[in-house]
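J.:
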Amino acid sequence: MIIAVDGPAASGKGTIAKALARHYGLPCLDTGLLYRAVGLSVLKRGGDPDIKADALAACDFGDEILADPALRSEAVGSLASRVSVHQAVRDALIARQRDFATQPGGAILDGRDIGTVIAPDADAKIFVTASVHVRAERRYKDSLAQGGQPDMDSLIADIQARDTRDMSRDHAPLKIADGADLLDTSDLTIDAAVQRAIALVDAQL
Ligand code: C5P
Numbered sequence: 092m093i094i095a096v097d098g099p100a101a102s103g104k105g106t107i108a109k110a111l112a113r114h115y116g117l118p119c120l121d122t123g124l125l126y127r128a129v130g131l132s133v134l135k136r137g138g139d140p141d142i143k144a145d146a147l148a149a150c151d152f153g154d155e156i157l158a159d160p161a162l163r164s165e166a167v168g169s170l171a172s173r174v175s176v177h178q179a180v181r182d183a184l185i186a187r188q189r190d191f192a193t194q195p196g197g198a199i200l201d202g203r204d205i206g207t208v209i210a211p212d213a214d215a216k217i218f219v220t221a222s223v224h225v226r227a228e229r230r231y232k233d234s235l236a237q238g239g240q241p242d243m244d245s246l247i248a249d250i251q252a253r254d255t256r257d258m259s260r261d262h263a264p265l266k267i268a269d270g271a272d273l274l275d276t277s278d279l280t281i282d283a284a285v286q287r288a289i290a291l292v293d294a295q296l
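Heads up: the sequence shown begins at 92 in my numbering, then just goes up one per residue.
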């Protein structure tokens, strides 16, 4: 059984994917972390994320970068979004994702192109979204909780820039996959969103 969970930044897709993984007893892969690892690796190498050759060289990252705390910052999210426009980068990460998806027993993957490119034949597909304002508020609270000094206007601008880049790129743009159910988490608690996701997946299986 393969479950594809896609959606924009801070939509709640990661939280929902992990909760689905617990509910169905499946392993879960956050594919955004792979693109984030490439983005952070470009930075560490002094490369330019917009240059295909620099981004491609950074795909050769070691597993230790996946544990780097900087990986989850919005700055690295933005670098990830820049390296992910290159088809060569997407190709370099595809085998890892497909291997995970096709392991015996099944898997859950979350990202931007799981239901469209990585696992178009997934048994269940959900597209998780929320308003830009709600997503920025979530980032704001996360940042405050981590001792940061977030600025709401720049969080909104960052999210909008990332949405625009992810949705308008030529290769594997973020869009609702054929057969996916839409789940808007703007007005839902985490528990309510998870229950709704389980109901949607059950109905598709
Ligand atoms: O989900 P997350 O915010 O960690 O993803 C970071 C960036 O990586 C996204 O903005 C997107 O550009 C890219 N990405 C992608 N395809 C995926 C997962 C992430 O292009 N499957």
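Here a beta-carbon is modelled for each residue, glycine too, at the ideal position from N, C-alpha and C.
Would you check if the distance between the CB atom of G138 and the CB atom of A146 is smaller than 9 angstroms?
T.: Position 47 of the sequence shown, counted from the start, is the residue given in the question as residue 138. Position 55 of the sequence shown, counted from the start, is the residue given in the question as residue 146. Going by C-beta atoms, G138 is nearer than 9 angstroms to A146.
J.: Compute the Euclidean distance between the alpha carbons of S172 and R256, then round it to the nearest angstrom.
T.: Along the sequence shown, read from residue 1 onward, the residue named residue 172 stands at position 81. Along the sequence shown, read from residue 1 onward, the residue named residue 256 stands at position 165. If you take the alpha carbons of S172 and R256, they lie about 7 angstroms apart.
J.: Using only CA atoms, which one of V174, L265, A248 and D214 lies nearest to V223?
T.: Here residue 223 corresponds to residue number 132 of the sequence shown, with the count starting at 1. Nearest of V174, L265, A248 and D214 to V223, Cα basis: A248.
J.: According to DSSP, simplified to helix, strand and coil, what is K266?
T.: On the sequence shown, position 175 is the one that residue 266 refers to. Coil at K266, not helix or strand.
J.: Please state whether the Cβ-Cβ distance between I217 and A110 is less than 9 angstroms.
T.: Within the sequence shown, numbered from 1, the residue matching residue 217 stands at position 126. Within the sequence shown, numbered from 1, the residue matching residue 110 stands at position 19. Not a contact, by the Cβ cut-off of 9 angstroms.
J.: How about D233: is its Cβ closer than 8 angstroms to a heavy atom in the ligand C5P?
T.: Along the sequence shown, read from residue 1 onward, the residue named residue 233 stands at position 142. Checking the Cβ of D233 against the ligand C5P gives no.
J.: Go to F218, then tell me how far its beta strand (DSSP E) extends in each direction, as first and last residue.
T.: Reading the sequence shown from its first residue, position 127 is the one you call residue 218. A215 to T220 is the span of the beta strand (DSSP E), which, as asked, contains F218.
J.: Determine the direct distance from the alpha carbon of R127 to that of G98, and round the result to whole angstroms.
T.: Along the sequence shown, one-based indexing puts residue 98 at 7. Along the sequence shown, one-based indexing puts residue 127 at 36. Their Cα atoms are separated by approximately 16 angstroms.
J.: Check each candidate in T276, L265 and D159 and name the one with the smallest Cα separation from A221.
T.: Indexing the sequence shown from 1 puts residue 221 at position 130. Here the closest residue by C-alpha is T276.
J.: Less than 9 angstroms between the C-beta atoms of K104 and D201, yes or no?
T.: Residue 104 sits at position 13 when you count from the first residue of the sequence shown. Residue 201 sits at position 110 when you count from the first residue of the sequence shown. Their beta carbons are under 9 angstroms apart, which means K104 touches D201 by this criterion.
J.: Select from R226, S234 and D293 the residue whose C-alpha is nearest the C-alpha of A278.
T.: For the purposes of this step, residue 278 is taken as residue 187 along the sequence shown, with counting starting at 1. Checking the sequence, you will find Asp at residue 278 rather than Ala. Minimum Cα distance to D278 is reached at R226.
J.: State yes or no: is the C-beta of M92 within less than 9 angstroms of the C-beta of G197?
T.: Start at 1 with the first residue of the sequence shown, and residue 92 comes out as number 1. Start at 1 with the first residue of the sequence shown, and residue 197 comes out as number 106. Yes, the pair counts as a contact, with Cβ atoms nearer than the cut-off.
J.: From the DSSP output, read off the bridge partner residues of G202.
T.: Position 111 of the sequence shown, counted from the start, is the residue given in the question as residue 202. DSSP, once it has assigned bridges, lists D97 as partnering G202.
J.: Give the C-beta separation of C119 and I199 to the nearest angstrom, bearing in mind that I take them to be a contact with Cβ-Cβ under 8 angstroms.
T.: Within the sequence shown, numbered from 1, the residue matching residue 119 stands at position 28. Within the sequence shown, numbered from 1, the residue matching residue 199 stands at position 108. With a Cβ gap of about 4 angstroms, C119 and I199 count as contacting.
J.: Tell me whether R256 counts as near the ligand C5P, meaning its Cβ is closer than 8 angstroms to at least one heavy atom of that ligand.
T.: To locate residue 256, count along the sequence shown from 1; it is residue 165. Yes, the Cβ of R256 comes within 8 angstroms of a heavy atom of the ligand C5P.
J.: Can you tell me where the alpha helix (DSSP H) holding L291 begins and where it ends?
T.: Numbered from 1 along the sequence shown, position 200 holds the residue referred to as residue 291. It spans I281 to Q295 - the alpha helix (DSSP H) in which L291 sits, taken as one unbroken run.
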